[in-house]
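K.L.:
Input: one structure, supplied below.
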Amino acid sequence: MENSFEIAIFNSEKDKPLTWFLNQKGRLSALHSDMSDSITNMKILRKCGGELEHAIKCRCLEHCSTNDYINAMEDIINRTRIGKTWTRVPMELKFSLKLPEKIRGLKDLS
């Protein structure tokens with residue numbers, strides 16, 4: 150269980166914020182039942198990554214509820230590029246040069 154929590158890092162392309170956050174909260178509460186909600190939420194936010202973690206902490210106070218953290222996380226992911234990885238799309242340039250008939254005729258004469 151502890152290994153599952155340590156391995157799980159949020160990826161906005163494959164994870165939904167609600168299910169990921171609640172899964173992490175369930176894992177932590179199973180491991181440490183006496184941990185307060187604010188400490189649990191902070192430990193979960195550390196698994197989000199630098200920019201996303203910072204953006205969520207800026208929007209929420211330290212003692213916010215889990216719902217507030219999840220709402221902020223969903224809002225940030227939907228409205229910004231924070232937490233998303235940049236992938237390079239290969240660009241293929243295909244073009245052909247078609248000369249007008251007059252120029253093609255002149256080219257054949259030389």
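Residue 164 in this note's numbering sits at position 15 of the sequence shown, and the numbers go up by one each step.
C-beta atoms are modelled at their ideal positions from N, C-alpha and C, and glycine is treated no differently.
None of the values given here were measured: they were computed from a predicted structure.
Determine whether the beta carbon atoms of Leu201 and Ile231 lie at a separation below 8 Å.
P.N.:
The answer is yes: Cβ separation under 8 Å.
K.L.:
What does the alpha-carbon distance come out to for the pair Glu155 and Leu167?
P.N.:
Looking at the two C-alpha atoms, the distance is approximately 18 Å.
K.L.:
To which residues of the same chain is Leu194 closer than 8 Å at the C-beta, ignoring the five residues directly before and after it?
P.N.:
Excluding residues within five positions, the ones whose Cβ falls inside 8 Å are Glu202, Ile205, Lys206, Tyr218.
K.L.:
Skipping 5 residues on each side, what residues in its chain have a beta carbon closer than 8 Å to that of Arg208?
P.N.:
Once the five neighbours on either side are set aside, the close Cβ partners of Arg208 are Ala221, Asp224, Ile225.
K.L.:
Apart from the five residues just before and just after Glu211, which ones in its own chain have a Cβ nearer than 7 Å to its Cβ?
P.N.:
Correct list, in chain order: Ser187.
K.L.:
Mapping the DSSP letters down to three states, classify Glu155 as helix, strand or coil.
P.N.:
Helix.
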